[in-house]
Amino acid sequence: MTLKLSRLAWLGSPLVLALIACGDDDATSRTDASGSDSGATESTGTDATATNATETAGNTNNSGSESDSDSVTVTDTDGTTVGPTTATTSPITDSDSDSDSVDPSSDTDVNCAPQEFACGGECCAPDQVCFQDTCQDDCGGVPPCGPQKDCCGMQEVCYLDSCVVPGGACAEKLCATKDDPLECDDGFVCDPQLGLCVPAKSDPSCVYIPPQNTFEPVPLFTWGFRKSVNCNNDSQCQTAETCENGKCTISWPHITPMDAPTNIQVSSIPLVVDIDDNCIPDVIFNSYISGQASSNGVIRAIRGDTGEPIWSVLDPNYQSDSTANPAVGDIDEDGLPEVVVQGEGKYLIAIDNDGTPLWTSDPFTGAENSGSVAIANLDGEGEPEIIFGAAVYDANGAKIWEGGSGIGHDGQGPISCVADLDGDARPELIGGRTAYTFTGTILGGDFSGSVLWNAAPGDGRCGVADFDLDGQPEVILVRAGNIYALNGQTGATIATANIPGSSDRGGAPNIADFKGMFRTGLSPPNS
40 MTLKLSRLAW LGSPLVLALI ACGDDDATSR TDASGSDSGA TESTGTDATA
90 TNATETAGNT NNSGSESDSD SVTVTDTDGT TVGPTTATTS PITDSDSDSD
140 SVDPSSDTDV NCAPQEFACG GECCAPDQVC FQDTCQDDCG GVPPCGPQKD
190 CCGMQEVCYL DSCVVPGGAC AEKLCATKDD PLECDDGFVC DPQLGLCVPA
240 KSDPSCVYIP PQNTFEPVPL FTWGFRKSVN CNNDSQCQTA ETCENGKCTI
290 SWPHITPMDA PTNIQVSSIP LVVDIDDNCI PDVIFNSYIS GQASSNGVIR
340 AIRGDTGEPI WSVLDPNYQS DSTANPAVGD IDEDGLPEVV VQGEGKYLIA
390 IDNDGTPLWT SDPFTGAENS GSVAIANLDG EGEPEIIFGA AVYDANGAKI
440 WEGGSGIGHD GQGPISCVAD LDGDARPELI GGRTAYTFTG TILGGDFSGS
490 VLWNAAPGDG RCGVADFDLD GQPEVILVRA GNIYALNGQT GATIATANIP
540 GSSDRGGAPN IADFKGMFRT GLSPPNS
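In this note's numbering, the protein residues as written are 40 to 566.
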């Protein structure tokens, strides 16, 4: 089997931030219309610098006499008013010039008092400006902020319809794989366009819906064994392959492992994490001898940018169950991640971030076949706990508790879920048909678990989500080709559905907002 990584472009956030500055001490941006005898001062869009500004001067003085202009407009070449500019405008002194700018005095449909001027069918007060045919407070050449039409102060910016004072400059982000707490103070986020820290606010009405399109990803690299494919022309090859000398030839690097070279098949889920703390994402995965799922597995780490090897665990005492799914987390709180996976038996193994074996755990009693490890802090104190089925381990591999009912196994597994089902701010462990709740702490020596509920269906694979948006999560159980929706607080069955078109038992459910309507949906799983 060949492991592929593709170069894909992802959108880091759907949040669209509109930032309009409302203050600066740049004197060149002030426009004084009090002494003009030529009507409205205009600047046409032929000047490339006449664009929407992020910062302008404070208040523009527009308090002229009756013969003076009471507004300053910036127009594009098609006559559309386009907002304020920080550029120094060149006034057009010929009041009879054939210009497309908006001259308030030209609106003859409205009779205004001598001290007022017409704007889009209404009369503006002397201390107002005409912006997009609407009378607005004069905010120094920039539009008022938000629905309240506030004028932002000299040190403020208009951010999500509110005048806010930004923080300092964003600190340089030194590592792409880490959240730098020094980038901005608590409560602020970095706006990359301004280079400033702004208050952390979300706009729930702002939703980015990407356009529908097709794409053909090209591998960044491949790892493992590549089958030779005969060809007569490029059309018989994959994307980014060419037909050369009768063989499909790749255009990207391919890595063939030199250590444990027969362990090249991958059935479990690869994990992406910066395992060696060099600010480059890496790939962690379990590999076994091709076509021999009953053989022992080898845990590997390779670079995420090139596929080059970092380490492989070749110690025979620390080989894995060939199809087990590893978990990665900082279990000893040293600031670096560790890898935990089921060993070749009823125990777990832990690997340090440099590939050094750490420990083998106490044995668990539940069934196992391609099981998955989970890492979570169940008592809210100290180091996280390690979970396999209904067995709970401390950070050193000592088993501290194991439930005797559901474990999340149905032919394959176990797969456990961790979530706060009852709203007590402490997570529960969902092992298939059983939810377990906990009291006490490990450090206090009184950590203990008990059954919160047992669901009527047999054991299976779980998922957790709030489907009806009532603030209380539901549990999804997949068992024997059927999907069960369970009440997360009682375990009662709410609804059932058959997995269509398949006789498989099913796998762990995929839960997401598939329609983009802020309602959770369920994708039928197949094993």
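The beta-carbon is built from N, C-alpha and C at its ideal position, and this holds for glycine as well. Keep in mind that this is a model prediction, so the values were computed, not measured.
- Counting only runs of 3 or more residues that sit fully inside the segment 212–283, the beta strand (DSSP E) segments are 227–230, 235–238, 258–263 and 280–283, in chain order.
- For Pro249 and Pro231, the gap between their C-alpha atoms comes out near 21 Å.
- Residue pairing by DSSP puts Glu467 in a beta bridge opposite Ala458.
- Relative to Asn526, the option among Ile538, Arg544 and Cys501 whose CA is nearest is Cys501.
- DSSP places Pro396 in the strand class (E or B) of the three-state scheme.
- Measuring C-alpha to C-alpha distances from Phe553 to each of Ile538, Ser489, Gly488 and Phe506 identifies Phe506 as the nearest.
- DSSP places Tyr357 in the helix class (H, G or I) of the three-state scheme.
- Straight across, the Cα-Cα distance linking His448 with Ile323 is about 24 Å.
- For Val311, the enclosing beta strand (DSSP E) starts and ends at Leu310 to Val312.
- Assignment of beta-bridge partners to Phe477 by DSSP yields Gly488.
- For the pair Thr476 and Ile446, the CB atoms are not nearer than the 9 Å cut-off.
- About 5 Å separates the beta carbon of Cys318 from that of Thr216, a gap short enough to meet the 8 Å contact definition.
- Comparing alpha carbon positions, the residue from Gly285, Ile289, Ile550 and Asn271 closest to Gln277 is Ile289.
- By the C-beta criterion, the segment 426–441 is judged to be in contact with the segment 399–410, since at least 3 inter-stretch pairs fall below 8 Å.
- For Glu424, the enclosing beta strand (DSSP E) has its first and last residue at Glu424 to Phe427.
- Taking the C-beta atoms as reference points, Pro376 is found no nearer than 9 Å to Asn325.
- If you draw a straight line from the Cα of Gly263 to the Cα of Asn392, it comes to about 22 Å.
- Apart from the 5 residues on each side of it in sequence, Pro512 sits with its Cβ closer than 7 Å to the Cβ of Ala458, Leu460, Val503, Ala504, Asp505 and Gly527 in its chain, given in chain order.
- In this structure, Pro423 is the residue among Pro423, Asp498, Gly484 and Lys438 with its C-alpha nearest to the C-alpha of Pro466.
- Put simply, the backbone Cα of Ile469 is about 6 Å away from that of Ser455.
- DSSP, read as helix, strand or coil, puts Ile550 in strand.
- By the C-beta density criterion, Asn302 is buried, having at least 16 other C-beta atoms within 10 angstroms.
- Where Ser351 is concerned, the enclosing beta strand (DSSP E) starts and stops at Pro348 to Ser351.
- For Leu417, there is no enclosing beta strand (DSSP E), as DSSP marks it with neither H nor E.
- Burial check for Gln251: the Cβ neighbour count within 10 Å stays below 16, so the residue is exposed.
- By the neighbour-count criterion, in which a residue is buried when 16 or more other Cβ atoms sit within 10 angstroms of its Cβ, Leu508 is exposed.
- Short of 7 Å from the beta carbon of Gly499, and not among the five residues preceding or following it, lie these beta carbons of its own chain, in chain order: Asp449, Gly471, Arg472, Leu516, Val517 and Arg518.
- Assigned with DSSP and collapsed to three states, Thr362 falls in coil, not helix or strand.
- Selection Val367, Val514 and Pro402 evaluated against Glu383 yields Pro402 as nearest (Cα-Cα).
- About 13 Å separates the beta carbon of Arg342 from that of Ser351, a gap too long to meet the 8 Å contact definition.
- Per the coordinates, the alpha-carbon of Pro165 lies some 11 Å from the alpha-carbon of Gln175.
- Leu516 sits in a strand when the DSSP states are folded into three classes.
- Here Ser201 carries a strand assignment [DSSP, helix/strand/coil].
- Per DSSP, Gly510 lies in no beta strand (DSSP E) and is assigned neither H nor E.
- Assigned with DSSP and collapsed to three states, Tyr386 falls in coil, not helix or strand.
- Within the model, the alpha-carbon separation for Cys214 versus Pro320 is close to 11 Å.
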